[in-house]
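First the structure, in the form of structure tokens, and then the observations on it.
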Amino acid sequence: MRHAALVTTIAGLALGAVTALTLTPAIAQAPKSGGTLNVMLREDLAQGFATHETSTVATSTPSLPCFSNLVFFDQSKKNESMDSVVGELAEKWSWQDNYKNLVFFLRKDVKWHDGKPFTSKDVKYTFDMVREAPDAAAKLRINPRKDWYANVEHIEAPDPYTVVFRLKRPQPSLLLMLASGYSPVYAAHVPAASYRTGCVGTGPFKVKEWRKGEFVEYVKNPDFFVKGRPYLDGLKYIVIVERGTRTAALQSGQLDVAFPGETGRTSMEQLKKAVPTMVFQPVAQNVSDNIIMNTKKPPFDNPKVRLAVSYAIDRRGLIQAAHQGGAVLGAAMAPKPYGFWGMLEKDLLALPGYGKADEMKDQARKLLREAGITPQNPLKVEVGVRAIAIYLDMASFVVNELKQVGIEGTLKQVETAQWHPMATRGEYQMGANLTGLGTDDPDANFYENYACGSPRNYSQYCSEEMMKAFERQSQELDIKKRVAMVIDIQKRLEQDAPRPILAQRLDYFAHWSHVKGLVAHNNVYNFPRFTDVWRDK
Amino acid sequence: MKNYVAQRLGIAILTLLGMSIVIFVLLRLAPGDIVDILFSTGGYVNADERKAIMKELGIDKPLVTQYLEWLRNFMVGDLGKSYRYDQPAWDIIRPLIPVTVELAALSILVAVCLGVPTGVISAVRQDTGLDYVLRVFSLAGLSMPAFWLGMVIILGLVSWLQWIPPVTYVGPRENFWLHAVQFGLPALAVGYRSSALIMRITRSALLEVMREDYIRTAWAKGQSERVVIWRHALKNAILPVVTVIGIEFAFLIGGLVVTENVFNLPGVARFLVQAILWRDYPIVQNLVMFIAVVVIFSNLFVDMLYGFLDPRVRYGS
Chain A
0 MRHAALVTTI
10 AGLALGAVTA
20 LTLTPAIAQA
30 PKSGGTLNVM
40 LREDLAQGFA
50 THETSTVATS
60 TPSLPCFSNL
70 VFFDQSKKNE
80 SMDSVVGELA
90 EKWSWQDNYK
100 NLVFFLRKDV
110 KWHDGKPFTS
120 KDVKYTFDMV
130 REAPDAAAKL
140 RINPRKDWYA
150 NVEHIEAPDP
160 YTVVFRLKRP
170 QPSLLLMLAS
180 GYSPVYAAHV
190 PAASYRTGCV
200 GTGPFKVKEW
210 RKGEFVEYVK
220 NPDFFVKGRP
230 YLDGLKYIVI
240 VERGTRTAAL
250 QSGQLDVAFP
260 GETGRTSMEQ
270 LKKAVPTMVF
280 QPVAQNVSDN
290 IIMNTKKPPF
300 DNPKVRLAVS
310 YAIDRRGLIQ
320 AAHQGGAVLG
330 AAMAPKPYGF
340 WGMLEKDLLA
350 LPGYGKADEM
360 KDQARKLLRE
370 AGITPQNPLK
380 VEVGVRAIAI
390 YLDMASFVVN
400 ELKQVGIEGT
410 LKQVETAQWH
420 PMATRGEYQM
430 GANLTGLGTD
440 DPDANFYENY
450 ACGSPRNYSQ
460 YCSEEMMKAF
470 ERQSQELDIK
480 KRVAMVIDIQ
490 KRLEQDAPRP
500 ILAQRLDYFA
510 HWSHVKGLVA
520 HNNVYNFPRF
530 TDVWRDK
Chain B
0 MKNYVAQRLG
10 IAILTLLGMS
20 IVIFVLLRLA
30 PGDIVDILFS
40 TGGYVNADER
50 KAIMKELGID
60 KPLVTQYLEW
70 LRNFMVGDLG
80 KSYRYDQPAW
90 DIIRPLIPVT
100 VELAALSILV
110 AVCLGVPTGV
120 ISAVRQDTGL
130 DYVLRVFSLA
140 GLSMPAFWLG
150 MVIILGLVSW
160 LQWIPPVTYV
170 GPRENFWLHA
180 VQFGLPALAV
190 GYRSSALIMR
200 ITRSALLEVM
210 REDYIRTAWA
220 KGQSERVVIW
230 RHALKNAILP
240 VVTVIGIEFA
250 FLIGGLVVTE
260 NVFNLPGVAR
270 FLVQAILWRD
280 YPIVQNLVMF
290 IAVVVIFSNL
300 FVDMLYGFLD
310 PRVRYGS
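Below is the structure:
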């Protein structure tokens, strides 16, 4: 009996091993060192390598290989959450004083690309600068993420390898924000402005050349703190502005890896047909389509009108028409299984606009009637939209949907240069918008996009009650309770409808099959660092 | 002749001065500036930070001061600093110029090699089947935008050969053949369109000349067709063709935007569009001035060529 059990166990283990080897060849294969990869870039680096001065992937993504964070999202895991945070410059960390102090213990073997040693001074310098501490040694020209660190009271560097973030109140989310691709550590001995033209980092690759408008070339950092990494000798991010040419370059093998967020469903299907061996990883972008309505100006100061707009737009229709199925339903946070804080589909169906299209439109008409808007007295609105294809498809669909409930919308195309100033100043009625989240975290989203006075709260929405709710969830240490609070907030936000979410975009991240060890994330902002990526060719 | 050249140069300088004012004013009339764009990538606006950046870039000064400063620096060869890249504008512009000039020159070469012979054949064989075929060929060229043809070439190559020309610039010394392919294909796409125009001008000018008395005299004297057409007729018909070639070359320097984008060539036109979108005034102003200089001097060159090609112009002056 015992013998039979032993045989069964051994057979089971052997079968398991064979299955694992068959199903995960990339893991089973020993990584090879050498070679370079050509990576797609849609536009030139918007602000050089100055990640702290930008909110665009055009800067942050091609800068990732140069930098390291204190902590980062595990590059081998698709889903990002508290559990997938791993140390980079920090060997370990510890929450103390009931989540009011976050202590990082730093690596001792790290050198900057110019050979100088990395110490706690660099960490303090970086985050004092970003949070604009009164005694900060430097100032950023533009500081879009100052609000992320509003709860940090003080940063201490008691010795060269220890850093303490002292908080005003408990905030578990701080760790996630520090793990974002937008939170690299800068060198204290290099002027912050110099990152606009070059990069001194501690990351796995060093910048060899940045030819403006053409490419950014990296070479392996021989002093990288993880021994034996990176595997690749180099990387070349090639700027190709024309979309058709980008796809052709990937298809012809001149590019090995696509840009995160680049490959929609239609492109994926075309590429798959042309190159059957190409690898596609379906992931969420953590970018939502949404409608912004100016809550400070009529008619959208009336919650009924906002809610009617939300009811009027058929989410499923949008996903099929504008995204060819390459998006999913979701509220303010990315839905499960793509995100940690999102709502389940059955809960989403109860939200305004998520049900059956006909019933939702009837509801919209009813609300509009209650607000005094009738076919005899129709509502005429200008729908502002950035003059970019990925915005326009969605905006055109929205205008058509609004027309069906008696809202006569006209598209007003706005050049990128004008879009954010216009939205921030509230010089618009309604807009078709995209919102990306640097990290799948409620604090990063709620404080940035829905908090009173936030410059990126384009709807000018301000609710004391919701502010209290944001604060409560932010301090909650029990994760189950916090998830419940976050879901409740999402429901209430959709009911108030300052920024109804229409869909969460998907990406079919593409690369050639010889690219190994590259795992796409459910967030376009936090990969790839390329540390563990190798070339099997 | 010296007076003529001096007069033309004087006009050229005045034109450039006028152009500089037009460029400067138009750029400032466009809504938004570099600071708006910087904030756009940051996704928000902060009034204090905005003021500080405007001061840093010198765009808080009165417009007249800004213009005079730019003009003074331009005269002494200082093109200023790119707002976006924080680097001397000349360092950024310099490598772009040879790419665009080479592409434009190759395109014109293709256009002339295709356009002039087909125009001549079409005129000589007027109303024959061959004439109709060549006219359809040229009309097709005029109807097809170069960027569309370029994209068709790229898509065709990738579909049939799984290959496209290099997407990063390959220098002629690095790999001559690859360089030739990289520039040859876009030159074909652009040159075909331009050749259509040259063909039609050549045809109509030649048809007009062929009806002149001196051509009839040449035929009557028993001259061969080759001599009558190439020596007598074409020489007199070529002036409008040269004008068109000059205009086309000047047009191509600034008009290759989409072709440079499709073939991913790092030229002036592609970069200019990016710089306009970024309101990178020093880059835009200087690139447009460069294009203006090319237009003015290529016209001047064509005018000079008239004197060389047509003795009547020479003797008249």
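The listed protein sequences correspond, in order, to chains A and B.
What the first sequence shows, in numbering that gives the first Met the number 0, is residues 0 to 536, in sequence order.
What the second sequence shows, in numbering that gives the first Met the number 0, is residues 0 to 316, in sequence order.
Glycine is no exception: its CB is placed at the ideal position from the N, C-alpha and C atoms.
Predicted, not measured: the structure shown is a model, and the values here were computed from it.
Where residue i falls: helix, strand or coil (DSSP)
{"i": "histidine 419 of chain A", "result": "helix"}
{"i": "phenylalanine 258 of chain A", "result": "coil"}
{"i": "glycine 352 of chain A", "result": "coil"}
{"i": "serine 297 of chain B", "result": "helix"}
{"i": "tyrosine 230 of chain A", "result": "coil"}
{"i": "alanine 25 of chain A", "result": "Note that alanine 25 of chain A scores 45 on pLDDT, short of 50, meaning its location in the model is unreliable; the coordinates nonetheless yield the value given after this. Looking at alanine 25 of chain A - three-state DSSP - the assignment turns out to be helix."}
{"i": "histidine 188 of chain A", "result": "coil"}
{"i": "glutamate 68 of chain B", "result": "helix"}
{"i": "leucine 20 of chain A", "result": "Annotation note: pLDDT 42 at leucine 20 of chain A (below 50); position unreliable, coordinate value reported separately. Leucine 20 of chain A: helix per DSSP, three-state reduction."}
{"i": "arginine 134 of chain B", "result": "helix"}
{"i": "alanine 247 of chain A", "result": "helix"}
{"i": "tyrosine 305 of chain B", "result": "helix"}
{"i": "glycine 253 of chain B", "result": "helix"}
{"i": "arginine 202 of chain B", "result": "helix"}
Same chain only: Cβ atoms within 8 angstroms of residue i, ignoring 5 sequence neighbours per side
{"i": "isoleucine 96 of chain B", "result": "Val267 and Phe289"}
{"i": "alanine 137 of chain A", "result": "Tyr124, Met128, Pro190 and Ala191"}
Partner residues on chain B for residue i, Cβ-Cβ distance less than 9 angstroms
{"i": "proline 497 of chain A", "result": "What proline 497 of chain A touches in chain B: nothing, since even the nearest Cβ is about 17 angstroms away."}
{"i": "isoleucine 237 of chain A", "result": "Val166, Thr167 and Asn263"}
{"i": "threonine 438 of chain A", "result": "The contacting residues do not exist; threonine 438 of chain A stays about 15 angstroms from chain B at best."}
Test: residue i CB closer than 8 angstroms to a CB of chain E
{"i": "arginine 278 of chain B", "result": "You won't find chain E in this structure, because its protein chains are A and B."}
Sequence-distant residues of its chain with Cβ nearer than 7 angstroms to residue i (five each side left out)
{"i": "asparagine 448 of chain A", "result": "Thr434, Arg455, Asn456 and Arg498"}
{"i": "asparagine 289 of chain A", "result": "Asn432, Thr434, Arg498, Pro499, Ile500 and Leu501"}
Which residues DSSP lists as bridging residue i, in chain order
{"i": "proline 429 of chain A", "result": "One point to set straight first is that residue 429 of chain A is methionine, not proline, in the sequence displayed. Partner(s): A:Met292 and A:Val382."}
{"i": "valine 151 of chain A", "result": "A:Leu166"}
{"i": "glutamate 407 of chain A", "result": "A:Lys379"}
{"i": "asparagine 37 of chain A", "result": "A:Lys235"}
{"i": "glycine 435 of chain A", "result": "A:Val286"}
{"i": "threonine 50 of chain A", "result": "None; threonine 50 of chain A has no bridge partner."}
{"i": "threonine 161 of chain A", "result": "A:Phe104 and A:Asp158"}
{"i": "histidine 510 of chain A", "result": "A:Val256 and A:Val278"}
{"i": "proline 87 of chain B", "result": "B:Lys80"}
{"i": "arginine 534 of chain A", "result": "A:Val514"}
Outcome for residue i when other beta-carbon atoms lying within 10 angstroms are tallied against a minimum of 16
{"i": "proline 334 of chain A", "result": "buried"}
{"i": "leucine 401 of chain A", "result": "buried"}
{"i": "proline 171 of chain B", "result": "exposed"}
{"i": "isoleucine 12 of chain B", "result": "exposed"}
{"i": "tryptophan 99 of chain B", "result": "Looking at the sequence shown, residue 99 of chain B is not tryptophan but threonine. The residue in question, threonine 99 of chain B, is buried, as its Cβ has 16 or more Cβ neighbours within 10 Å."}
{"i": "proline 229 of chain A", "result": "buried"}
{"i": "histidine 188 of chain A", "result": "exposed"}
{"i": "lysine 31 of chain A", "result": "exposed"}
{"i": "threonine 117 of chain B", "result": "buried"}
{"i": "alanine 19 of chain A", "result": "In this predicted model, alanine 19 of chain A has a pLDDT of only 44, less than 50, meaning its place in the structure is not dependable enough to derive any value."}
{"i": "aspartate 440 of chain A", "result": "buried"}
Proximal chain A residues relative to residue i, where beta-carbon distance stays under 7 angstroms
{"i": "phenylalanine 38 of chain B", "result": "Ile141, His419 and Pro420"}
{"i": "aspartate 35 of chain B", "result": "Ala416, Gln417 and Pro420"}
Interface residues of chain A facing residue i [CB-CB closer than 9 angstroms]
{"i": "glutamine 65 of chain B", "result": "Those do not exist, as glutamine 65 of chain B stays about 19 angstroms from chain A at its closest Cβ, beyond 9 angstroms."}
{"i": "asparagine 72 of chain B", "result": "Chain A residues near asparagine 72 of chain B: none, gap ~21 angstroms exceeds 9 angstroms."}
{"i": "aspartate 126 of chain B", "result": "Ordered by position in chain A, no residue passes the 9 angstroms Cβ test against aspartate 126 of chain B, which lies about 41 angstroms from the chain."}
Closer than 7 angstroms: residue i CB and nearest the ligand NAP heavy atom
{"i": "proline 302 of chain A", "result": "Although the ligand NAP was asked about, the structure shown includes no ligands whatsoever."}
7 angstroms Cβ cut-off: residues of chain B touching residue i
{"i": "arginine 195 of chain A", "result": "Asp85"}
{"i": "alanine 247 of chain A", "result": "Ile153, Leu154, Val157 and Ile163"}
{"i": "serine 458 of chain A", "result": "Result: empty, since nearest Cβ-Cβ is about 14 angstroms, beyond 7 angstroms."}
{"i": "phenylalanine 445 of chain A", "result": "Neighbours of phenylalanine 445 of chain A on chain B: none; closest Cβ ~16 angstroms, over 7 angstroms."}
{"i": "lysine 211 of chain A", "result": "Tyr84 and Ile91"}
Residues that residue i contacts on chain B, provided the C-beta gap is smaller than 8 angstroms
{"i": "lysine 271 of chain A", "result": "Simply none; closest approach about 14 angstroms."}
Same chain only: Cβ atoms within 6 angstroms of residue i, ignoring 5 sequence neighbours per side
{"i": "phenylalanine 71 of chain A", "result": "Glu87 and Ala178"}
{"i": "serine 62 of chain A", "result": "Phe48 and Thr50"}
Partner residues on chain A for residue i, Cβ-Cβ distance less than 8 angstroms
{"i": "asparagine 45 of chain B", "result": "Ile141, Asn142 and Pro454"}
{"i": "glycine 31 of chain B", "result": "Glu414, Ala416, Gln417 and Pro420"}
{"i": "glutamate 247 of chain B", "result": "Chain A residues near glutamate 247 of chain B: none, gap ~23 angstroms exceeds 8 angstroms."}
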